[in-house]
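Asks:
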Amino acid sequence: MSVRELVVLGTASQVPTRLRNHNGYLLRWDGEGILFDPGEGTQRQMLHAGVAAHDIDRICVTHFHGDHSLGLAGVIQRINLDRVPHPVTAHYPASGQQFFDRLRYSTAYRETVRMVQAPATGESIVLAETPAYVLEAHRLRHPVESYGYRLTEPDGRRMLPAKLAEHSIAGPEIGRLQREGEVGGVTLDQVSEVRRGQRFAFVMDTGLCDGVYRLAEGCDVLVIESTFLDEDERLAAEYGHLTAGQAARVARDAGVRHLVLTHFSQRYADPEDFARQARTAGFDGELTIAADLMRVPVPTRHVPAPPGTPNPSN
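Given below as structure tokens:
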């Protein structure tokens, strides 16, 4: 059974707290795992969350501040200690190559797993294209070079049972129609509709910029930093961060279905303040204030209502 969910390993910003570890997020996407921003302590958080080194196929680092990358050393060594049976690909800003190399080889260990390095460069770049998704990176605005990541599933087709019956297409002919595009003069377009691929974006330390909006556009899940509350917007701008209201307005304007706020400053005691400000900003979709070891499922796809179906909100 395929699983698409975000496993939250840590949610603090620069300073961890008693309740919040440094950053760390594992996206399970069917049979693949993508680890984002492994901060200090990620290896231990993986143990608590039931995440194994074998679950990691890619590592994506947004930038080389410690709370987003100091856990790389431990995670990479654990991948090798456990002899993960597949290559692991690492993405990170190319300008931080020296930091990646230092973390990767910070202490002595035996390399048993092939690590593929595929750094991000330029304003936007496609990092990987697989049958399951396209992974791209867009540059953000922060005191050090930072990238956000976006995963897009290719569009598919949804077969329409009523249309299939209308054209007397059944059994093995359905599979043939999907493979060949036409059976007995009936085309795939006549008996199916586009099934929009799901979209996920991961946006960490940044001020507002074009990259934020490009990453968020039309996402089913947007994981985004909200280091500050709105009353500290000046501090957010000074240090290259977002407030809860700014992040929520991005999600609102981009048509995000599920907004996950994270990366909270230790100066705030009540996480619900972030939720209140997100709602005040006009975001009315599904909202999660991330907590360590939480699991956030990717929402199921929207199934369009048949033509003529009454809208219950009317």
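What the sequence shown shows, in my numbering, is residues 300 to 613, in sequence order. By construction, the Cβ of each residue, glycine as well, lies at the ideal position given by its N, Cα and C atoms.
Do you know whose CA, among Tyr-567, Thr-579, Ala-577, Ala-550, lies nearest Leu-514's CA?
Replies: It is Ala-550.
Asks: Secondary structure at Arg-578, three-state DSSP: helix, strand or coil?
Replies: Three-state DSSP puts Arg-578 in a helix.
Asks: Check the DSSP bridge columns for Leu-592 and list the partner residues they point to.
Replies: According to DSSP, Leu-592 bridges with nothing at all.
Asks: Can you look up Val-314 in the DSSP assignment and give me helix, strand or coil?
Replies: The answer is coil: DSSP assigns Val-314 none of H, G, I, E or B.
Asks: Between the region 469-477 and the region 424-435, do at least 3 Cβ pairs fall closer than 8 Å?
Replies: The region 469-477 vs the region 424-435: no contact.
Asks: Verify whether the separation of the beta carbon atoms of Val-307 and Leu-507 is less than 8 Å.
Replies: No, the pair does not count as a contact, with Cβ atoms beyond the cut-off.
Asks: With DSSP as the reference, label Val-350 as helix, strand or coil.
Replies: Coil, per DSSP.
Asks: Should the region 536-546 be regarded as contacting the region 494-501, the criterion being three or more beta carbon pairs within less than 8 Å?
Replies: Touching, no, given that fewer than three Cβ pairs across the two stretches are closer than 8 Å.
Asks: Rounded to whole angstroms, what's the CA-CA distance from Gln-545 to Pro-392? Just pull it up for me.
Replies: C-alpha separation (whole angstroms): 25 Å.
Asks: Leaving out five residues before and five after Asp-504 in sequence, what residues of the same chain have Cβ atoms less than 8 Å from its Cβ?
Replies: The residues are Thr-361, His-362, His-364, His-367, Leu-439, His-441, Ser-445, Glu-524, Thr-526, Gly-539, His-540, His-562.
Asks: Ordered along the chain, which non-local residues of its own chain (more than five positions away) have a Cβ less than 8 Å from that of Leu-463?
Replies: Same-chain partners within the cutoff: Ala-469, Ile-473, Val-490.
Asks: Applying the criterion that 16 or more other CB atoms from any shown protein chain within 10 Å of the CB defines a buried residue, is Met-300 buried or exposed?
Replies: Interpretation of Met-300 is limited by its pLDDT of 49, a score under 50 that renders its predicted location unreliable; no figure is taken from the coordinates.
Asks: Opposite Val-482 in the DSSP bridges: which residues?
Replies: Bridge partners of Val-482: Val-485.
Asks: As a quick exercise: from Gly-584, Gly-455, Gly-330, pick the residue whose alpha carbon is nearest that of Asp-552.
Replies: When each option's Cα is compared against that of Asp-552, the closest is Gly-584.
Asks: Smallest Cα separation from Cys-518: which of Tyr-448, Glu-532, Arg-575, Val-443?
Replies: When only C-alpha atoms are compared, the closest one is Tyr-448.
Asks: Looking at the structure shown, is Ala-544 part of a helix, part of a strand, or coil, going by DSSP?
Replies: One detail in the question is off: residue 544 reads as Gly in this sequence, not Ala. In the structure shown, Gly-544 sits in a helix (DSSP, three-state: H, G or I).
Asks: What is the rounded straight-line gap between the Cα of Arg-594 and the Cα of Glu-465?
Replies: Approximately 43 Å between the Cα atoms of the pair.
Asks: Among the residues of its own chain, which have a CB less than 6 Å from the CB of Trp-328, if the five just before and after it don't count?
Replies: The residues are Arg-303.
Asks: What is the DSSP secondary structure of Thr-406, reduced to helix, strand or coil?
Replies: Correct three-state label for Thr-406: coil.
Asks: What residues in its chain sit with their C-beta under 6 Å from that of Gly-332, if we drop five residues either side in the sequence?
Replies: The answer, listed in chain order, is Leu-325, Asp-354, Ile-355, Asp-356.
Asks: Name the two residues that bound the continuous alpha helix (DSSP H) containing Tyr-448.
Replies: Careful: Tyr-448 lies outside any alpha helix (DSSP H), inside the beta strand (DSSP E) at 446-451.
Asks: If the criterion is Cβ atoms closer than 8 Å, does the pair Gly-581 and Arg-548 meet it?
Replies: Taking 8 Å as the Cβ cut-off, Gly-581 and Arg-548 qualify as a contacting pair.
Asks: Buried or exposed: Leu-528, going by 16 or more other Cβ atoms within 10 Å of its Cβ?
Replies: The residue in question, Leu-528, is buried, as its Cβ has 16 or more Cβ neighbours within 10 Å.
Asks: If you check the beta carbons only, do Ala-589 and Thr-411 fall under 8 Å apart?
Replies: No; because the gap between Cβ atoms is not below 8 Å, this pair is not in contact.
Asks: Relative to the C-alpha of Leu-459, which candidate in Leu-558, Gly-483, Gln-396, Gln-477 has its C-alpha closest?
Replies: Ranking the options by Cα distance to Leu-459, first place goes to Gln-477.
Asks: Please tell me whether Pro-386 and Val-350 are closer than 8 Å, where the distance is taken between their beta carbons.
Replies: Against a cut-off of 8 Å, the Cβ pair of Val-350 and Pro-386 comes out as no contact.
Asks: Tell me which same chain residues have a C-beta within less than 8 Å of the C-beta of Pro-598, skipping the five on either side of it?
Replies: Closer than 8 Å at Cβ, skipping near neighbours: Asp-519, Val-520, Arg-556, His-557, Glu-585.
Asks: Got a sec, what are the start and stop residues for the alpha helix (DSSP H) Arg-513 sits in?
Replies: Unbroken alpha helix (DSSP H) run through Arg-513: 509-515.
Asks: Given this structure, state the Cα-to-Cα distance separating Leu-371 from Ala-431, to the nearest angstrom.
Replies: Distance between the alpha carbons of Leu-371 and Ala-431 is about 26 Å.
Asks: Between the Cα of Phe-499 and those of Ile-358, Leu-450, Ala-461, spot the shortest distance and give me the residue it belongs to.
Replies: It is Leu-450.
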